[in-house]
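Colleague: Take the sequence shown: its letter number 337 is residue 337 in the UniProt record's numbering, and every next letter is one higher.
Note that beta-carbon positions come from the ideal geometry of N, C-alpha and C, so glycine has one too.
One structure, pasted below without further comment.
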Amino acid sequence: MDCNAYQSIDLEEWGEAFSASLEGGRYPVSVTMELTNRCNLNCAHCYINQPANDPVARQRELTTAQVKRIIDDMVTAGVLFLTLTGGEPLLRPDFAEIYTYAREKGLLVILFTNGTLLSDEILRLLVDIRPFSIDISIYGATAPVFERVTRLPGSFARCYKAIDRVLEAGLPLTLKTELMTLNAHELEPMKAFAERLGVKFRYDGLLWPRIDGRGEFPRAVQLPLETLVAFDGQDTDRADAVIDELERLKDLKTRDTRVFSCGAGLRGFHLDSEGRMSICMMVRQPAYNLLEMPLIEAWEALGKLREMKRNTVSKCQSCTTNILCSHCPGWSLAVHHDFESVVEFTCEHGLLRSKNAINIKNHLITEVIENYE
Numbered sequence: 001m002d003c004n005a006y007q008s009i010d011l012e013e014w015g016e017a018f019s020a021s022l023e024g025g026r027y028p029v030s031v032t033m034e035l036t037n038r039c040n041l042n043c044a045h046c047y048i049n050q051p052a053n054d055p056v057a058r059q060r061e062l063t064t065a066q067v068k069r070i071i072d073d074m075v076t077a078g079v080l081f082l083t084l085t086g087g088e089p090l091l092r093p094d095f096a097e098i099y100t101y102a103r104e105k106g107l108l109v110i111l112f113t114n115g116t117l118l119s120d121e122i123l124r125l126l127v128d129i130r131p132f133s134i135d136i137s138i139y140g141a142t143a144p145v146f147e148r149v150t151r152l153p154g155s156f157a158r159c160y161k162a163i164d165r166v167l168e169a170g171l172p173l174t175l176k177t178e179l180m181t182l183n184a185h186e187l188e189p190m191k192a193f194a195e196r197l198g199v200k201f202r203y204d205g206l207l208w209p210r211i212d213g214r215g216e217f218p219r220a221v222q223l224p225l226e227t228l229v230a231f232d233g234q235d236t237d238r239a240d241a242v243i244d245e246l247e248r249l250k251d252l253k254t255r256d257t258r259v260f261s262c263g264a265g266l267r268g269f270h271l272d273s274e275g276r277m278s279i280c281m282m283v284r285q286p287a288y289n290l291l292e293m294p295l296i297e298a299w300e301a302l303g304k305l306r307e308m309k310r311n312t313v314s315k316c317q318s319c320t321t322n323i324l325c326s327h328c329p330g331w332s333l334a335v336h337h338d339f340e341s342v343v344e345f346t347c348e349h350g351l352l353r354s355k356n357a358i359n360i361k362n363h364l365i366t367e368v369i370e371n372y373e
């Protein structure tokens, strides 16, 4: 197998074409796999990180052999894309072995990392056996801002050095950030940095609560929703994405009545560091332990979850602005421990996005709402 054969493929364009070819069926094409919950950083906003040397977290992680067995099952099931994430996946001493095994099995591997642990050995491996993409998180354009988020002195220099080395090696790179009160004023410099490098950049500003129940939402660093929506309105790509979504929706005559109307459990699934499959990263219940049941059996069980219908009296079901709402079952599960209860935070965000969309493309939003009513 030529491990470098796909280096010129555009992920988004290819993904759209490939998904279209699968229309009408459920196929586990893409998997996100957490190799660990542990991380060497201590980011203010993180929903999952545990200390790098946490003995309990380390003990609960899948062994190398268990990871390989699950990768074998993925390949048998037809999985094509595998995203390796964490925590920080490079913390695992067997990362190179796991990565090599996945690539040799033919999987297209996407690596999510903070970059600070990128060693010479790992870089040589990635050059020799190329990943589909490397996504590095940046949290500021300057060291003081970056390290207010990561709470680790020296992390800025190590991250930015990794970015330089990845590019010098000719590897595919995407930069991303979580936008919050600590770094929002450096959004434009971060975007400009990515533009100078000629790489893609994306951001998100809705911060999730911790999945382990240790603490509530990171309210102290969550941007006001008005500020976040204003940023979106100033971003040409994100404004265009809103318009594209409205164009797609304006011809729909009926509202989707499924609880899971997104792509969760349709083209892929999530695996946590202990081998439990769930429908997506933020909806971790129900979960199916792949050490105790076949992957295909767990995948079929997720299909039944996708068949769930919304309550007909649900506020979301009758809302005309939910077409641009960030709400999903994951938010309801995190806040109310069910799949459908309204989360006022995301409700407000949807209303603000709709108002912003009206300013962007008034006639499109009007058409969508009229068709839905």
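So, for Met282: in the same chain, excluding its five sequence neighbours on each side, which residues have a beta-carbon less than 6 Å away from its beta-carbon?
Modeller: Once the five neighbours on either side are set aside, the close Cβ partners of Met282 are Gly330.
Colleague: Taking all protein chains shown into account, do 16 or more other C-beta atoms lie within 10 angstroms of the C-beta of Arg151, making it buried, or fewer, making it exposed?
Modeller: Arg151 is exposed by the Cβ-count criterion.
Colleague: What is the DSSP secondary structure of Phe231, reduced to helix, strand or coil?
Modeller: Note: Phe231 maps to helix in three-state DSSP.
Colleague: Ordered along the chain, which non-local residues of its own chain (more than five positions away) have a Cβ less than 7 Å from that of Leu225?
Modeller: Only Glu348, His349, Leu352 meet the Cβ criterion.
Colleague: Going by C-alpha distance, which of Asn37, Cys328, Arg69, Asn356 is nearest Cys280?
Modeller: Taking only the C-alpha atoms, the option nearest Cys280 is Cys328.
Colleague: The beta strand (DSSP E) that contains Met277, what's its start and end?
Modeller: Where Met277 is concerned, the enclosing beta strand (DSSP E) stretches over 276-278.
Colleague: Which residue's Cα is closest to the Cα of Arg196: Phe339, Ser119, Asn311, Thr174?
Modeller: Comparing Cα positions, the closest option is Thr174.
Colleague: Whole alpha helix (DSSP H) runs in the segment 104-131 with 4 or more residues, listed along the chain?
Modeller: DSSP runs (the alpha helix (DSSP H)) wholly in the segment 104-131: 120-128.
Colleague: Could you check if Thr76 is buried or exposed, using at least 16 other CB atoms within 10 Å of its CB as the buried criterion?
Modeller: So Thr76 ends up on the exposed side.
Colleague: Exposed or buried, which one is Glu88 when buried takes at least 16 other CB atoms within 10 Å?
Modeller: Classification for Glu88: buried.
Colleague: So, with DSSP's three-state summary, where would you put Cys159?
Modeller: Residue state, collapsed to three classes: helix.
Colleague: Who does His270 pair with in a DSSP beta bridge?
Modeller: Bridge partners of His270: Thr32, Ser278.
Colleague: Going by DSSP in three states, Asn356 sits in which element: helix, strand or coil?
Modeller: Three-state DSSP puts Asn356 in a helix.
Colleague: DSSP three-state label for Phe201, please.
Modeller: Strand, per DSSP.
Colleague: Could you tell me the distance, in whole angstroms, from the CA atom of Tyr372 to the CA atom of Thr227?
Modeller: Confidence at Tyr372 is low in this model, with a pLDDT of 46, below 50, so its placement is unreliable and the value that follows should be read with caution. Answer to the nearest angstrom: the Cα atoms are 29 Å apart.
Colleague: Specify, as a first and last residue, the run of the alpha helix (DSSP H) that Ser332 falls within.
Modeller: Per DSSP, Ser332 belongs to the alpha helix (DSSP H) from 329-336.
Colleague: Rounded C-beta distance between Pro32 and Thr100? I'm assuming under 8 Å.
Modeller: Just to set this straight, residue 32 is Thr in the shown sequence, not Pro. So it is not a contact: roughly 19 Å between Cβ atoms.
Colleague: Out of Tyr160, Leu223, Arg219, Leu111, point me to the one whose CA is closest to Ile129's CA.
Modeller: Ranking the options by Cα distance to Ile129, first place goes to Leu111.
Colleague: Using only CA atoms, which one of Thr181, Asp54, Val335 lies nearest to Asp204?
Modeller: The option with the nearest alpha carbon to Asp204 is Thr181.
Colleague: With a cut-off of 8 Å on the beta carbons, I'd call Thr142 and Glu97 a contact; round off their distance for me.
Modeller: About 37 Å separates the two Cβ atoms, so there is no contact after all.
Colleague: For Gln50 and Met74, I'd like the C-alpha separation in whole angstroms.
Modeller: Each residue's Cα considered, the two are about 27 Å apart.
Colleague: Please report the Cβ distance between Lys309 and Thr257, rounded to the nearest whole angstrom; I am assuming they are in contact, meaning their Cβ atoms lie under 8 Å.
Modeller: Going by Cβ atoms, the distance from Lys309 to Thr257 rounds to 5 Å, so yes, they are a contact pair.
Colleague: At which residues does the alpha helix (DSSP H) containing Phe146 begin and terminate?
Modeller: Unbroken alpha helix (DSSP H) run through Phe146: 143-150.
Colleague: Excluding the five sequence neighbours on either side, which residues of its own chain have a C-beta within less than 6 Å of the C-beta of Lys200, listed in chain order?
Modeller: For Lys200, where only same-chain residues beyond five positions count, the Cβ hits under 6 Å are Thr174.
Colleague: If you count every other CB in all the chains shown that lies within 10 Å of the CB of Met293, and 16 or more means buried, which is it?
Modeller: When all chains shown are included, Met293 counts as exposed.
Colleague: To the nearest angstrom, how far is it from the Cα of Leu41 to the Cα of Pro153?
Modeller: Roughly 10 Å separates the two Cα atoms.
Colleague: What is the DSSP secondary structure of Tyr372, counted as helix, strand or coil?
Modeller: With a pLDDT of 46 at Tyr372, under the threshold of 50, the modelled position of that residue is not reliable, and no figure is offered here.
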